[in-house]
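Just so you know, the numbering used here puts 1107 at position 37 of the sequence shown, and the rest follows in order with no gaps.
Don't be surprised by glycine CBs; every beta carbon is placed ideally from N, CA and C.
The structure displayed is predicted, hence computed values, not measured ones.
Each remark here refers to the structure printed beneath this line.
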Amino acid sequence: METVEDTYIVLDALDECHLLGLKQRNIHLLVTSRLEQDIKIGLSDLAYDETAIPVEGGLISDDICRYVRARVKESDDLKRWRSYPDIDALENCLDYRTLKETLASLLKTLDETYSRILHAIPSEHKKYATMILQLVTFSERPLRIEEAVDAIVVDTEGDPYFSLKYRMPDPQEISRYCSSLVAVVSMTECSDGEDSERVELQLAHFSVKEYLTSNRLDSGIAQDFQESTARAAIAKACLAYLLHFDREIPLKEVVQGFPFARYSAEFWMTNAVVAGDKDKRVLDFIEQLFYYQKSSYKICYSLYRPDRPWDNTLYEPRDRPASALYYAALGGLLHTVKCLLNRSGFS
């Protein structure tokens, strides 16, 4: 600091700092603090009475009120309340007593709030809502809205597993399946020097994930959000989506027309490993993908090579992928490795 002509330092909330002795003459200090006696004494040699400016409490209160109002108005954390009917009841409170009584009648905890929202989801939406919540809760990366739209179309028990005609006409409406538990969020990303918009589906608040993965869920809902169950459901959706490519399709067409394909290729295996060998349907799908190695196998490993996770290259089908045994061993699919070895005649 001695090498420059003047140094200006602002110390905010000095009452929360460790006091240090300074003797540099070219330093100018602007200090804010509560009026603590030890600080007043410590600064007495540096500050004259006329340089100390008390801030009026009323002005501070007004600033705090404005700040709180702005935060409440803009807070993403409050999104989950916007469609909550009890909140609207507060608008009808014309006096303090009615306001207190209405506030007391609101649900006491977030757990009760989330439980109420889950139970209020219409029966015809529950299948889709469960899949969406499983995905956004356990996904390894943020889920794009177009990926989620295709994920809920997948019918793991159907024939075919996927059909374009069942896609939602308006993807933005997907959050309505889960009421206020999820939010559609627009994000800006920079790639090759250019900004581009993407739309993600996210949990409305981190406490939603904490609740869904806790042991506090009602018994009728808890099973769906045990990690092994949820990841088995995700693995089945990913595998079924890939298996519906039962004919040769240009890779460019797959990328442009089937947004859940690359996600499925990248993440089906990590979810299947957690699911283990307890879900027979997962094992059946892996068998269909690995043993028969039809076009779905080629498309899967043209979109993503698990031994090259850093590489976003799209591999043309002529670039033959490795063997199923290699990928099964790489991914830790023990049951599948044993089955492949048995089929190959190894003991």
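Backbone CA spacing between residue i and residue j [nearest angstrom]
{"i": "Lys1364", "j": "Glu1182", "result": "48 angstroms"}
{"i": "Asp1229", "j": "Leu1160", "result": "50 angstroms"}
{"i": "Ala1331", "j": "Gln1296", "result": "25 angstroms"}
{"i": "Pro1329", "j": "Val1138", "result": "41 angstroms"}
{"i": "Arg1186", "j": "Gly1112", "result": "56 angstroms"}
{"i": "Ser1266", "j": "Ile1215", "result": "15 angstroms"}
{"i": "Pro1239", "j": "Ala1335", "result": "25 angstroms"}
{"i": "Ile1291", "j": "Leu1321", "result": "39 angstroms"}
{"i": "Arg1268", "j": "Tyr1374", "result": "21 angstroms"}
{"i": "Thr1102", "j": "Glu1075", "result": "24 angstroms"}
{"i": "Tyr1236", "j": "Asp1220", "result": "9 angstroms"}
{"i": "Tyr1247", "j": "Asp1294", "result": "16 angstroms"}
{"i": "Glu1386", "j": "Tyr1362", "result": "19 angstroms"}
{"i": "Val1324", "j": "Phe1276", "result": "33 angstroms"}
{"i": "Leu1099", "j": "Ile1079", "result": "5 angstroms"}
{"i": "Asp1389", "j": "Ala1140", "result": "56 angstroms"}
{"i": "Asn1382", "j": "Cys1135", "result": "49 angstroms"}
{"i": "Phe1232", "j": "Pro1212", "result": "23 angstroms"}
{"i": "Thr1077", "j": "Ala1122", "result": "20 angstroms"}
{"i": "Glu1217", "j": "Ile1356", "result": "21 angstroms"}
{"i": "Leu1205", "j": "Lys1110", "result": "57 angstroms"}
{"i": "Ala1342", "j": "Leu1312", "result": "14 angstroms"}
{"i": "Ala1478", "j": "Leu1234", "result": "With the chain covering only 1071 through 1417, there is no way to say anything about residue 1478."}
{"i": "Leu1188", "j": "Leu1203", "result": "11 angstroms"}
{"i": "Ser1025", "j": "Lys1279", "result": "Residue coverage of the chain in this structure runs from 1071 to 1417, which leaves residue 1025 outside it and unanswerable."}
{"i": "Leu1180", "j": "Thr1207", "result": "17 angstroms"}
{"i": "Ala1300", "j": "Arg1413", "result": "30 angstroms"}
{"i": "Cys1308", "j": "Gln1326", "result": "17 angstroms"}
{"i": "Asp1288", "j": "Tyr1184", "result": "11 angstroms"}
{"i": "Asp1082", "j": "Ser1298", "result": "49 angstroms"}
{"i": "Tyr1397", "j": "Ser1372", "result": "13 angstroms"}
{"i": "Asp1115", "j": "Asp1108", "result": "13 angstroms"}
{"i": "Val1224", "j": "Ile1304", "result": "10 angstroms"}
{"i": "Asp1133", "j": "Tyr1166", "result": "24 angstroms"}
{"i": "Phe1360", "j": "Leu1384", "result": "20 angstroms"}
8 angstroms Cβ shell around residue i - same chain, five flanking residues per side excluded
{"i": "Leu1353", "result": "Asp1347, His1405 and Thr1406"}
{"i": "Ile1399", "result": "For clarity, residue 1399 is Ala in the given sequence; the question names Ile instead. Taken in chain order, the residues that qualify are Val1407."}
{"i": "Cys1163", "result": "Leu1169 and Thr1172"}
{"i": "Ser1245", "result": "Val1252, Ala1253, Val1254 and Leu1271"}
{"i": "Arg1378", "result": "none"}
{"i": "Leu1395", "result": "Val1407, Leu1410, Leu1411 and Ser1414"}
{"i": "Ile1130", "result": "none"}
Contacting residues, own chain, Cβ-Cβ under 6 angstroms from residue i (five flanking each side not counted)
{"i": "Ile1435", "result": "Summary: the structure shown does not reach residue 1435, with the chain confined to residues 1071 through 1417, and so no result is reported for it."}
{"i": "Phe1315", "result": "Ser1365, Ser1366 and Ile1369"}
{"i": "Thr1226", "result": "Lys1306 and Ala1310"}
{"i": "Tyr1333", "result": "Glu1217"}
Residue span of the alpha helix (DSSP H) that contains residue i, given as start and end
{"i": "Asn1412", "result": "Leu1404 to Arg1413"}
{"i": "Gly1401", "result": "Ala1394 to Gly1401"}
{"i": "Ala1274", "result": "From DSSP, Ala1274 is part of no alpha helix (DSSP H); its letter is neither H nor E."}
{"i": "Glu1386", "result": "Glu1386 -> no alpha helix (DSSP H), and no H or E assigned at all."}
{"i": "Glu1217", "result": "Ile1215 to Ala1221"}
Nonlocal neighbours in the same chain, by C-beta distance under 7 angstroms from residue i, ignoring five residues either side
{"i": "Glu1210", "result": "Phe1337 and Thr1340"}
{"i": "Ala1302", "result": "Ala1345, Asp1349 and Val1352"}
{"i": "Ser1153", "result": "Confidence at Ser1153 is low in this model, with a pLDDT of 49, below 50, so its placement is unreliable and the value that follows should be read with caution. Cβ neighbours of Ser1153 beyond the five flanking positions: Ser1249 and Ser1250."}
{"i": "Glu1318", "result": "Ser1365"}
{"i": "Gly1402", "result": "Val1343"}
{"i": "Gln1242", "result": "Val1254"}
{"i": "Pro1376", "result": "Met1339, Tyr1397, Leu1400 and Gly1401"}
{"i": "Gln1358", "result": "Leu1313"}
The ligand ATP heavy atom lying under 7 angstroms from the CB of residue i
{"i": "Val1223", "result": "Among the ligands in the structure shown, none appear at all, so the ligand ATP cannot be discussed."}
request  = Inspect the CB distances between the segment 1340–1353 and the segment 1277–1290 and report whether three or more fall short of 8 angstroms.
outcome  = no
Start-end ranges of the alpha helix (DSSP H) lying completely within the segment 1289–1366, minimum 4 residues = 1289–1292, 1297–1313, 1321–1327, 1330–1345 and 1350–1362
ask   = Would you call the segment 1186–1202 and the segment 1166–1176 in contact, with 3 or more CB pairs under 8 angstroms?
value = In short, these stretches do not touch, since the Cβ pair count stays below three.
ask   = What are the start and end residues of each continuous alpha helix (DSSP H) run of 4 or more residues lying completely inside the segment 1156–1205, in chain order?
value = 1166–1175 and 1180–1190, all fully within the segment 1156–1205.
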